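Reviewing the structure listed below.
There are 2 protein chains.
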Amino acid sequence: MSTPPLHSALEPLAFLLGEWVGEGEGSYPSDIRDFSYREEVRFWHGGKPVLLYTQRTTDRDDGAPLHTEMGYWRPLPEGRVEVVISHPTGHAELSLGSVADGVVDLASTSVVATATAKEVTAVERTYRVTGDELTSTLAMAAVGHPMTHHLAATLTRA
Amino acid sequence: MSTPPLHSALEPLAFLLGEWVGEGEGSYPSDIRDFSYREEVRFWHGGKPVLLYTQRTTDRDDGAPLHTEMGYWRPLPEGRVEVVISHPTGHAELSLGSVADGVVDLASTSVVATATAKEVTAVERTYRVTGDELTSTLAMAAVGHPMTHHLAATLTRA
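Heads up: the sequence lines are chains A and B, in that order.
Be aware that the first sequence starts at 0, since it is given in numbering that gives the first Met the number 0, and climbs by one per residue.
Be aware that the second sequence starts at 0, since it is given in numbering that gives the first Met the number 0, and climbs by one per residue.
Here it is as structure tokens:
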């Protein structure tokens, strides 16, 4: 199946398009241990003014599946973007952010959770593309902790 | 890449696994016209106790992309399931439902929206599998209308 032309509204986010693979490190002041992971990220489009996004991480040592998430990035006028991400942990994350010079800064406007999900109250993300390198960070306020760094990864365009 | 073994918690939802293709009809008492669509649904897993779900629809006449959505189905004890779905329209839908005899009934527990999304206040879905046929319905309360039928589709396991 051929890829349709890029919608002009997606041009400010076009630097994210593609498949990205690399590694990251995670930590959090809860009961989890620091961990290293392999990450795959994919941004693509289907001709409409929205980016499709999937991500998955695996244990860097034994390849066991860790996290995965997927959702949509909606460009807005004036260098802004709205993001909707579903998590298998029972969370949905809605964010608003800015896009400029290859950098996306996102802050959640709401994080909602199913009845059995852990408490996550807010998420902040950054994505920075320089050439074929994507670096990303994620901080969150969760399980009683204020906004705290959780993840940092460096990926290369596959 | 080989598929890992099915997690035992997913057994009650295993009848959904696979790729499904078919057609549907949509209507709503807003300003949209009745429409016919082609639909592809995929349920799969990665070894964890959660189903991954993607869906997309295209115009039945000209193949133009219509809707797409993706998310996670989390089985709970006692024939219940939690679902998190992201929509490119700027919505996230969290639902709780029951699973019995090849039928899943879902009702949203919350529908959250980005600032630019249309108003959707509640969604109800049914999925019914009989052999290799999946029939689904979706009703929603949206843009000032109470819970009203919106979509019905019949798919076949591909």
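Note that the Cβ used here is the ideal one computed from N, Cα and C, for glycine as well.
Since this is a predicted model, take the numbers as computed values, not measurements.
According to DSSP, residue i sits in a beta bridge with which residue or residues?
i, result
"S173 of chain B", "Absent from the structure is residue 173 of chain B, since the part of chain B shown begins at 0 and ends at 157."
"R41 of chain B", "B:E18 and B:T53"
"E132 of chain B", "B:T129 and B:T155"
"R73 of chain A", "A:E81"
"M139 of chain B", "B:V122 and B:T147"
"G25 of chain A", "A:F34 and A:L150"
"E92 of chain B", "B:I84 and B:V110"
"T67 of chain A", "A:R55"
What residue range does the beta strand (DSSP E) around residue i cover?
i, result
"T56 of chain A", "L50 to D58"
"H6 of chain B", "Note, H6 of chain B: premise wrong, no beta strand (DSSP E); not H, not E."
Closest by CA to residue i, which one among the options?
i, options, result
"H44 of chain A", "A:V83, A:W19 and A:T2", "A:T2"
"G23 of chain B", "B:G130, B:Y36 and B:A106", "B:Y36"
"V128 of chain A", "A:A99, A:T108 and A:T53", "A:A99"
"D160 of chain B", "B:V142, B:A121 and B:R156", "Since the first residue shown for chain B is 0 and the last is 157, residue 160 of chain B is missing from the structure and cannot be characterised."
"G89 of chain A", "B:P64, B:M139, B:L75 and B:A121", "B:L75"
"V103 of chain A", "A:A152, A:T134 and A:T120", "A:T134"
"A138 of chain A", "A:K47, A:A114 and A:A106", "A:A106"
"A91 of chain B", "A:S97, A:A112, A:G96 and A:A8", "A:A112"
"K47 of chain B", "B:P4, B:A63, B:G78 and B:G96", "B:P4"
"Q54 of chain A", "A:R32, A:S85 and A:D61", "A:S85"
"S7 of chain B", "B:M69, B:F42, B:L50 and B:A151", "B:L50"
"T153 of chain B", "B:H144, B:T147, B:Y126 and B:P145", "B:Y126"
"E118 of chain B", "B:H144, B:T108 and B:S97", "B:H144"
"E10 of chain B", "B:R59, B:G101, B:L95 and B:T115", "B:G101"
"V20 of chain A", "A:A13, A:R59 and A:G96", "A:R59"
Handout entry: Under 9 Å (Cβ pairs) to chain B, residues found in the segment 75–99 of chain A
Key = L75, E81, V82, V83, I84, S85, H86, P87, T88, G89, H90, A91, E92, L93, S94 and L95
Practice task
Could you name the residues of the segment 17–36 of chain A whose beta carbon sits closer than 7 Å to any beta carbon of chain B, in the order they occur along the chain?
Solution key: Those would be none; no residue qualifies.
Problem - Interface residues of the segment 117–129 of chain A facing chain B [CB-CB below 7 Å] - result: So nothing in the stretch comes that close.
Handout entry: Positions along the segment 64–75 of chain A whose CB lies within less than 8 Å of some CB in chain B
Key = P64, T67, M69, G70, Y71, R73 and L75
Exercise for the section: Could you please tell me which residues of the segment 100–111 of chain B, in chain order, have their CB closer than 8 Å to any CB of chain A? Expected result: T108, S109 and V111
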